[in-house]
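Q: In my numbering, the protein residues as written are 2 to 297.
Every residue, glycine too, gets a C-beta built ideally from N, C-alpha and C.
Here it is, the structure in full.
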């Protein structure tokens, strides 16, 4: 059997942890901490393990891999690979896996719950003078990957006027009624703008904010800092503009925006549900078993 090490808090259910423990030649410990471990902690926890499980926030660097030559497999318990030195991994012929398509639908549900509260005035904020409907409103989605598609599908169910801008055209979504739009046109015309781009990509720049009309809702569904911060702070000062975030935007965004008027920013990750953790755990185990069986 392989020696497995869990070197960061991977947010897996207890039953998933037990199944992973059964695959390891040694007793496993599952760290539980809000902050990411230091480089020294990662090295200490890895010891001589050949397979390690990490969170998307775990920094896998050249230094770490040089200090842990036994590592042959890295399993990310999430989607993003942005904290992994991919060149260093490839150079050492290490198998790297991640998990996709496990939390997009619940994240989309959460976004629409927040939108409903805002447009109906059910919380501390109300979009317009009177409660309004989502039906018929113009929603523009920047980035039509898995999450953007889940949001578009819900928007269509609400009978919204949905458009998107993405590097790649999505004819299958266009056939369903989601229209393609150039980014400038989307920003100028949409009442609700949803950002679903890769993490930490500035999707709305200072120049972009100048195109956005007043009385607009911006929804950041992406991870990290995706708005030009100075331009956003100026834009949100207009008393008819609103912004929705969730904690997947990260603590830096949370601390910068959480206390601003007309910003709704719960310290909750939209896609984290019991079912999400179950799907995540199932796929983490599938990936790990494929490695252990020599199928990756």
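Pairing CB atoms from the segment 165 to 172 with CB atoms from the segment 135 to 149, are three or more of them under 8 Å?
A: yes
Q: Excluding sequence positions up to five away, which residues of its chain have a Cβ less than 6 Å from the Cβ of residue 89?
A: 63, 66
Q: What would DSSP say about residue 237, mapped onto helix, strand or coil?
A: helix
Q: For the segment 111 to 143, list the beta strand (DSSP E) runs that are entirely contained and at least 3 residues long, ordered along the chain.
A: The qualifying runs are 139 to 143.
Q: According to the Cβ coordinates, are residue 274 and residue 38 closer than 7 Å?
A: no
Q: Which first and last residues belong to the beta strand (DSSP E) in which residue 165 is found?
A: Where residue 165 is concerned, the enclosing beta strand (DSSP E) stretches over 162 to 166.
Q: Apart from the five residues just before and just after residue 56, which ones in its own chain have a Cβ nearer than 8 Å to its Cβ?
A: So the qualifying residues of the chain are 9, 10, 11, 12, 37, 77, 78, 79.
Q: Please name the residue, chosen from 269, 43, 159, that lies closest to residue 247 on a Cα-to-Cα basis.
A: Among 269, 43, 159, the Cα nearest to that of residue 247 is on 269.
Q: Short check: CB of residue 225 to CB of residue 201, under 7 Å?
A: yes
Q: Quick one: what's got a C-beta closer than 6 Å to residue 182's C-beta in the same chain, skipping five residues either side?
A: 164, 166
Q: Say yes only if the C-beta of residue 123 is nearer than 6 Å to one or more non-hydrogen atoms of the ligand MG, and no if none qualify.
A: Of ligands this structure carries none, so the ligand MG is not represented either.
Q: For residue 58, tell me which candidate among 85, 157, 284 has the shortest Cα-Cα distance.
A: 85
Q: So, at 8 Å on beta carbons, what are the nonlocal neighbours of residue 206 in its own chain, with the 5 sequence-adjacent residues on each side left out?
A: 229, 232, listed in sequence order.
Q: Answer yes or no: do residue 155 and residue 111 have a C-beta to C-beta separation smaller than 7 Å?
A: Contact: no.
Q: Any idea which residues DSSP pairs residue 214 with across the strands?
A: Answer is none; residue 214 lacks a bridge partner.
Q: One question on the structure: do residue 109 and residue 151 come within less than 7 Å of each other, judged by their Cβ atoms?
A: yes
Q: Are the beta-carbon atoms of residue 53 and residue 72 separated by less than 7 Å?
A: Taking 7 Å as the Cβ cut-off, residue 53 and residue 72 qualify as a contacting pair.
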